[in-house]
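Numbering (the working numbering), first residue to last: 1 to 560. Where a beta carbon is used, it is the ideal one built from N, C-alpha and C, also for glycine.
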Amino acid sequence: MANNPITIRQNFKIGELDAESDSVLLDSCFIDSGYLKKLLDPHDNSSIVRGRTGAGKSALLHMVTTHAYKCRRLDPNDISIRFLEQSDIIAFFVALNVNLDMFYKILWRHILIMELLKLRHDIRSESDTNNFFTGIMNRLKKDEIKRKALEYFREWGDKFWIDTDAHLREITRKLERDTKASIGGELSGIALNAEYAKKLTEEQVLDVKKRATEVVSGLQIQKLNEILTLLADYSFDDPQKKYFIVIDQLDENWAENETRYKFIRALIEEIKVFRKIKNIKIIVALRLDLLRSVFNLTRGSGFQEEKYESYILDIKWTPEQLIELVQKRVSEVYRRQYTRENVKIQDIFPKPKGGPTGLTPLEYVIERTLLRPRDVLQYINECFSIALDRERISWGTIQKAESAYSLKRLRSLKEEWGDIYPSFEETIELLRNLPDKFSRTDITRSNIDAVITELSIQGTIDPCAVIANKMLNGESRETDVINEILLCVYNLGVVGFKISSLTPYKWSFRDSTPATKNEIKRASGMKIHKMLHSALDIRINPDRRFEKEKEESEDEEDNV
1 MANNPITIRQ NFKIGELDAE SDSVLLDSCF IDSGYLKKLL DPHDNSSIVR GRTGAGKSAL
61 LHMVTTHAYK CRRLDPNDIS IRFLEQSDII AFFVALNVNL DMFYKILWRH ILIMELLKLR
121 HDIRSESDTN NFFTGIMNRL KKDEIKRKAL EYFREWGDKF WIDTDAHLRE ITRKLERDTK
181 ASIGGELSGI ALNAEYAKKL TEEQVLDVKK RATEVVSGLQ IQKLNEILTL LADYSFDDPQ
241 KKYFIVIDQL DENWAENETR YKFIRALIEE IKVFRKIKNI KIIVALRLDL LRSVFNLTRG
301 SGFQEEKYES YILDIKWTPE QLIELVQKRV SEVYRRQYTR ENVKIQDIFP KPKGGPTGLT
361 PLEYVIERTL LRPRDVLQYI NECFSIALDR ERISWGTIQK AESAYSLKRL RSLKEEWGDI
421 YPSFEETIEL LRNLPDKFSR TDITRSNIDA VITELSIQGT IDPCAVIANK MLNGESRETD
481 VINEILLCVY NLGVVGFKIS SLTPYKWSFR DSTPATKNEI KRASGMKIHK MLHSALDIRI
541 NPDRRFEKEK EESEDEEDNV
């Protein structure tokens, strides 16, 4: 390449930031860390792909769809769950505090069974439906129980193969009909909705709630259980043919949070149920913070999160894997757009700072990420944008790109964690203009007062705003507010902490075990992540800017 210098063109990128727009490079530059093999093995329990935004969850699911024998992708946006939020009967049950967990599980069980059958038997029309029934009924001549289970499908008639959305609406209407039939004469003709629930006497509430709970629990569950056994024995009995359903976009705005959390929790429970069918697998992608919210807000008595660990596949990257990813993409994009030569990173990036063993450009970039492909791609793309019409990227270019990248990372954190920390924009200001390593005594009085004042007028469910209001009402202390804020910024990956001078810094993006408030209180030192140094005007020693990141064991303990 040295003999044929290439000028960097406008809009040159080594990839898009979302998997949907990056499919071409995704296929040719995929880095497999063993995750794909686990997901493609129906005998491996790994079914819930967990990771932070930009960790590569959607990319992994894309590769599953590419490599699977047969695969169907379900988009929650196509399932129109919002109609449940507008349903009078659901509002009626919610007003009576009827547990709808079983109802949500039945909805998912129906959806998944239908989609698996369509996938397995290529059911796309009423004619296909009839052929399926004829074939399987002939195989079940002597099995009366399973023949009766199939009547569940017969009830759908010509609707069997239509969109899932219509199925859910019909199941909900059946719930309403069965409830009215169970409640009986005295409430017949009455609209069962939230408003009517308010008019019931205490005695009526107890009676109606009991009957409604029985209706929900009895909704075709026995037939669906028989169908699962039937599928295992007759439809998915060939070990050479493996079928997959993948579900992504669960973090999008396809339902209000409360409904979404309950529906996702029901899906997780059904994933466990469907594991009894050996040659199929249901795979979902879930953001780490979303899964945490689902478990926290839907847990009942006796809930044990560790029971789900065997189903969870945590997506994590090493610096070496991220460098390999950049190398593959640089080579591929240059090959497609410029030259047939094998272009390497060192051909377009500057030499290490401090000699051959010093900090390389890619190490500098990766230290300013949360070890996720999206962060790295975003930073590198910024470098190419600034290096327009040049042949190489310089250290000056890398530092200029850091400013734009850092602001984008700050904005992305707000978007990623907005459901849990809606006041993040105010909270993060506590760290502005601090040194990169700090203690509580370094946090200025002006920062503390300004942040607490802003949080107290937010009126959000943000835990930092809630405790700030309590402090102003005399119900908590200022130190409690600061600890809550530090826990927040730790959870987001903005701050790391160490318990003693002899322990390494703990970071949320490296350690999947949540930190406790007690750990935050005992922290002996804190460090602000380099990705936000520019955006938050963090004070750093210029002599240390190009030092390689390492875990320090300081001799002197900071007083926090």
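Is residue i near residue j, with beta carbons less than 7 Å apart?
i	j	result
residue 424	residue 414	yes
residue 386	residue 397	yes
residue 287	residue 251	yes
residue 382	residue 401	yes
residue 212	residue 91	no
residue 294	residue 48	no
residue 483	residue 437	no
residue 472	residue 464	no
residue 168	residue 107	yes
residue 216	residue 102	yes
residue 224	residue 109	yes
residue 531	residue 495	no
residue 380	residue 14	yes
residue 461	residue 481	no
residue 303	residue 81	no
residue 31	residue 324	yes
residue 403	residue 310	no
residue 132	residue 123	yes
residue 384	residue 8	yes
residue 265	residue 298	yes
residue 536	residue 440	no
residue 69	residue 242	yes
residue 517	residue 487	yes
residue 498	residue 524	yes
residue 512	residue 314	yes
With a threshold of 16 other CB atoms inside 10 Å of the CB of residue i, please say whether the residue is buried or exposed.
i	result
residue 389	exposed
residue 51	buried
residue 556	At residue 556, the pLDDT of 42 sits below 50, so the modelled position is not reliable; the number obtained from the coordinates is stated separately. Exposed: under 16 other Cβ atoms inside 10 Å.
residue 485	buried
residue 28	exposed
residue 22	buried
residue 235	buried
residue 457	exposed
residue 561	No answer is possible for residue 561: it lies beyond the span of the chain, which begins at 1 and ends at 560.
residue 540	exposed
residue 181	exposed
residue 277	buried
residue 104	buried
residue 553	Low confidence applies to residue 553: its pLDDT is 45, below 50, so where it sits in the model is not reliable, and the reading given next is rough at best. Burial call: exposed.
residue 239	exposed
residue 342	exposed
residue 289	buried
residue 53	buried
residue 191	exposed
residue 421	buried
residue 559	Annotation note: pLDDT 41 at residue 559 (below 50); position unreliable, coordinate value reported separately. Exposed, by the Cβ-count rule.
residue 179	buried
residue 39	buried
Which residues does DSSP list as the beta-bridge partners of residue i?
i	result
residue 244	71 and 281
residue 436	Per DSSP, none; premise fails for residue 436.
residue 497	506 and 526
residue 312	48
residue 286	50
residue 539	435
Measure how close the beta-carbons of residue i and residue j come, nearest whole angstrom, since I'm counting them as under 8 Å.
i	j	result
residue 116	residue 231	7 Å
residue 72	residue 282	The pair is not a contact, with the Cβ atoms about 10 Å apart (cut-off 8 Å).
residue 344	residue 395	The Cβ separation is near 18 Å, so there is no contact.
residue 63	residue 36	5 Å
residue 317	residue 373	7 Å
residue 17	residue 378	6 Å
residue 330	residue 348	7 Å
residue 165	residue 78	7 Å
residue 227	residue 113	6 Å
residue 197	residue 96	5 Å
residue 19	residue 46	At roughly 19 Å, the Cβ-Cβ gap does not stay under 8 Å, so residue 19 and residue 46 are not in contact.
residue 291	residue 509	Residue 291 to residue 509, Cβ: 15 Å. No contact.
residue 322	residue 376	5 Å
residue 89	residue 175	6 Å
With a floor of 3 residues, list each beta strand (DSSP E) that falls wholly inside the segment 43-130, ordered by position along the chain. 48-51 and 70-74
Ignoring anything shorter than 3 residues, give me the beta strand (DSSP E) runs that lie fully in the segment 446-484, in order along the chain. none
Kindly provide the ranges of any alpha helix (DSSP H) runs that are 4 or more residues long and lie completely inside the segment 326-368, ordered along the chain. 345-348 and 361-366
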